[in-house]
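The block underneath contains the structure these notes are about, expressed in structure tokens.
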């Protein structure tokens, strides 16, 4: 079969004009008791080989679906590869897949259920042929796993400069909200918006959090990935969310706070700069009237994918 694809999310300069909106607090079924790690705590994805599916073109390691991730590697000879991951009844997540033969990590962001995993090889232009297909049933026992482990979009490890910096930045914090605040303040004070990169970024771009940290500049996708990596390494479940603000694609951050549940868009963009919202919603006095009106209109922000 041949399948035509639309380009993967492109975060261009025009996106800087969009708002990052604040939505409601969602309380999950299971609570999480938070203890700040000594330094940092990085979960490491493992392709253990206990449960695998393969053919001559690709291998899927589903050994750790209970932790909320799968690992896929391409073993064929074509240079341009896509992988699609679809939970029954949910959005299809399309990723570029490296031709290096090395496993890459993909979150099961939509929770427990039946997932279809398909690998496609490029034939020409935007035409692809299916090279691998497998259905996987996932019972995710660690509901926060997809948003604590590193993955292709939020790629880090224990040796990452982003993790080490995150530990230093969070050292003075006494609770989750202070960790979020410290990370937010560090990133916005040390990373500038790269307008040249935003105007030239290509489809399929993946953030490198350590490069962003070293160069001290990036696009909104870079900001979101860097902050997400830092927060996850502090044991704070964090979603890098891609969706629409108005008619533009953008990225923002949701975090899970003990006693409150998931707080959507805790770090958002107001059209000019990054902002940290008041997640308690105890008072709206700290928010501008314009922002509060924008928040009240749910059509202004629509999450599409969570990584």
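In the numbering used here, the protein residues as written are 198 to 504.
Built from N, CA and C at the ideal position, the CB exists for glycine as well.
Sequence-distant residues of its chain with Cβ nearer than 8 Å to residue i (five each side left out)
{"i": "residue 381", "result": "424, 464, 471 and 473"}
{"i": "residue 441", "result": "447, 498, 499 and 501"}
{"i": "residue 285", "result": "310, 311, 312 and 313"}
{"i": "residue 249", "result": "256, 257, 258, 259 and 260"}
{"i": "residue 414", "result": "388, 389, 390, 391 and 394"}
{"i": "residue 354", "result": "239, 241, 347 and 360"}
Residue burial classification, residue i (beta-carbon count within 10 angstroms, cutoff 16)
{"i": "residue 234", "result": "exposed"}
{"i": "residue 253", "result": "exposed"}
{"i": "residue 363", "result": "buried"}
{"i": "residue 387", "result": "exposed"}
{"i": "residue 393", "result": "exposed"}
{"i": "residue 379", "result": "buried"}
{"i": "residue 323", "result": "exposed"}
{"i": "residue 237", "result": "buried"}
{"i": "residue 444", "result": "exposed"}
{"i": "residue 436", "result": "buried"}
{"i": "residue 288", "result": "exposed"}
{"i": "residue 328", "result": "buried"}
{"i": "residue 356", "result": "exposed"}
7 Å CB neighbourhood of residue i in its chain, flanking five on each side removed
{"i": "residue 294", "result": "269, 271, 278, 279, 280, 301 and 316"}
{"i": "residue 342", "result": "264, 265 and 266"}
{"i": "residue 349", "result": "292, 301, 302, 303 and 403"}
{"i": "residue 305", "result": "262, 265, 266, 267, 312, 335, 337 and 343"}
{"i": "residue 308", "result": "337"}
{"i": "residue 399", "result": "none"}
Inter-residue CB distance, residue i and residue j (contact presumed, cutoff 8 Å)
{"i": "residue 358", "j": "residue 410", "result": "5 Å"}
{"i": "residue 332", "j": "residue 313", "result": "5 Å"}
{"i": "residue 373", "j": "residue 450", "result": "Going by Cβ atoms, the distance from residue 373 to residue 450 rounds to 13 Å, so no, they are not a contact pair."}
{"i": "residue 439", "j": "residue 452", "result": "Contact doesn't hold; Cβ gap of about 16 Å is too wide."}
{"i": "residue 239", "j": "residue 503", "result": "Their Cβ separation, rounded to whole angstroms, is 20 Å, which puts residue 239 and residue 503 out of contact at 8 Å."}
{"i": "residue 260", "j": "residue 273", "result": "Their Cβ separation, rounded to whole angstroms, is 22 Å, which puts residue 260 and residue 273 out of contact at 8 Å."}
{"i": "residue 318", "j": "residue 366", "result": "Not confirmed; about 42 Å, so no contact."}
{"i": "residue 408", "j": "residue 352", "result": "Residue 408 to residue 352, Cβ: 11 Å. No contact."}
{"i": "residue 360", "j": "residue 428", "result": "So it is not a contact: roughly 11 Å between Cβ atoms."}
Residues that DSSP places opposite residue i in a beta bridge
{"i": "residue 265", "result": "Residue 265 is not bridged to any residue."}
{"i": "residue 452", "result": "435 and 460"}
{"i": "residue 304", "result": "266"}
{"i": "residue 314", "result": "282 and 331"}
{"i": "residue 414", "result": "389"}
{"i": "residue 446", "result": "441"}
{"i": "residue 373", "result": "Answer by DSSP bridge pairing: none, since residue 373 is not bridged."}
{"i": "residue 429", "result": "Residue 429 is not bridged to any residue."}
{"i": "residue 319", "result": "325"}
Within-8 Å CB hit, residue i to chain B
{"i": "residue 354", "result": "Absent here is chain B; the protein component of the structure consists of one chain."}
Cβ-based neighbour list, residue i, same chain, cut-off 6 Å, excluding 5 preceding and 5 following
{"i": "residue 226", "result": "Its pLDDT being 40, under 50, residue 226 is placed unreliably in this model, and the coordinates cannot settle the point."}
{"i": "residue 320", "result": "326"}
{"i": "residue 231", "result": "373 and 455"}
{"i": "residue 262", "result": "335"}
{"i": "residue 244", "result": "258, 268 and 300"}
Closest by C-alpha distance to residue i, when choosing among the options
{"i": "residue 447", "options": "383, 501 and 337", "result": "501"}
{"i": "residue 391", "options": "422, 377, 246 and 416", "result": "416"}
{"i": "residue 241", "options": "406, 283, 346 and 378", "result": "346"}
{"i": "residue 290", "options": "457, 401, 251 and 413", "result": "401"}
{"i": "residue 330", "options": "251, 422, 296 and 339", "result": "251"}
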